[in-house]
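The structure appears right after this line, and notes come after that.
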Amino acid sequence: MQRNAICSLFFTRVEPGSDSVVSDSSVTSLLRRATGGERIAADRLLARYRDRLNLMVKVHLDSRLAGRLDASDVVQDTLLRAAQRLTEFEKASVPFYVWLRQIARDRLSELYERHVSTKKRSVLREQVWGLSQDSMARMAIQLGGATGGLIEGAIKREMLQRLHQALDQLPDQQREILVMRHLEQMKVAEIAVACGLSESAVKMRQLRGVERLRSILHRDDSGSASSFRGP
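Okay, here's the thing in structure tokens:
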């Protein structure tokens, strides 16, 4: 029962955010005007991505930083940096959100090194997997997962802990793709660019990640997950 509820989180259909329905022509027009120095166009362009960046930051802001920083402050810093560097985007050759997201990740890395004294080599991993159970619960509820009312109290906490442990056993790239697709709600095309993969490769790794997650959780049910560690 619990395993099925956990797995349903990663089979939930990802609904695009409101900014995802913005037409390419609209974004292109705003980008052209913004990089040309039009302040109003830049403000409108960046405002359309605020919600997506806020979601992304919340996913990667673990309890060690959440008590010191607010996600909205990190997003604001990101947007300010992006506004100052808009002319650089013309040379980036990536979707605009992927470019913004990288600026946000760079900012998070700086904050982790400053406030948590995390070694640089482990910063990005801990940003993804240092999530509190409350954060996992909020993200699951946002995705319409089974934790939004079907499971409560101690059972919910146990389920989220098991999900966290199972995710930690996935290969890094599979885990990162699941996070980007199902928690950050990124498009497959965006993930492909961010990871340097083809879209078909992203879909395959996503599928394998879900299957592996299901296998790990099944092993956990049978009492053998603690000794399982994939390559």
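Once you know that position 223 of the sequence shown is 224 in the numbering used here, the rest is easy, because the numbers rise by one and skip nothing. In this text, a Cβ means the ideal position worked out from N, Cα and C, and glycines have one as well.
N-terminal and C-terminal residue of the alpha helix (DSSP H) that residue i is part of
{"i": "M187", "result": "Premise fails: M187 is in no alpha helix (DSSP H) and is neither H nor E."}
{"i": "E177", "result": "173–179"}
{"i": "Q85", "result": "72–85"}
Cβ shell of residue i (< 6 angstroms), same chain only, five flanking positions each side left out
{"i": "I104", "result": "T79, R82, A83"}
{"i": "M181", "result": "M187, I192"}
{"i": "L62", "result": "A72"}
Residue i - DSSP class collapsed to helix/strand/coil
{"i": "A93", "result": "coil"}
{"i": "R49", "result": "coil"}
{"i": "S64", "result": "helix"}
{"i": "G197", "result": "coil"}
{"i": "V117", "result": "coil"}
{"i": "G38", "result": "coil"}
{"i": "Q103", "result": "helix"}
{"i": "Q162", "result": "helix"}
{"i": "Q207", "result": "helix"}
{"i": "R220", "result": "helix"}
{"i": "A43", "result": "helix"}
{"i": "L108", "result": "Before going further, note that residue 108 is Arg rather than Leu in the sequence given. The answer is helix: DSSP assigns R108 an H, G or I state."}
{"i": "R33", "result": "helix"}
{"i": "R69", "result": "coil"}
{"i": "E127", "result": "With a pLDDT of 46 at E127, under the threshold of 50, the predicted position of this residue should be treated as unreliable, though the coordinate-derived value follows. It is helical."}
Contact set for residue i: own chain, Cβ-Cβ below 8 angstroms, skip 5 residues either direction
{"i": "E91", "result": "T36"}
{"i": "R108", "result": "V75, D78, T79, R82"}
{"i": "R209", "result": "Q175"}
{"i": "L70", "result": "L62, L112, H116"}
Contacting residues, own chain, Cβ-Cβ under 7 angstroms from residue i (five flanking each side not counted)
{"i": "E200", "result": "V189, A190, A193"}
{"i": "A43", "result": "A35, A84, L87"}
{"i": "V99", "result": "E191, V194, A195"}
Environment of residue i [buried if 16+ CB atoms lie within 10 Å]
{"i": "M57", "result": "buried"}
{"i": "I41", "result": "exposed"}
{"i": "R1", "result": "Because the chain in this structure spans residues 2 to 232, residue 1 falls outside the shown range and cannot be described."}
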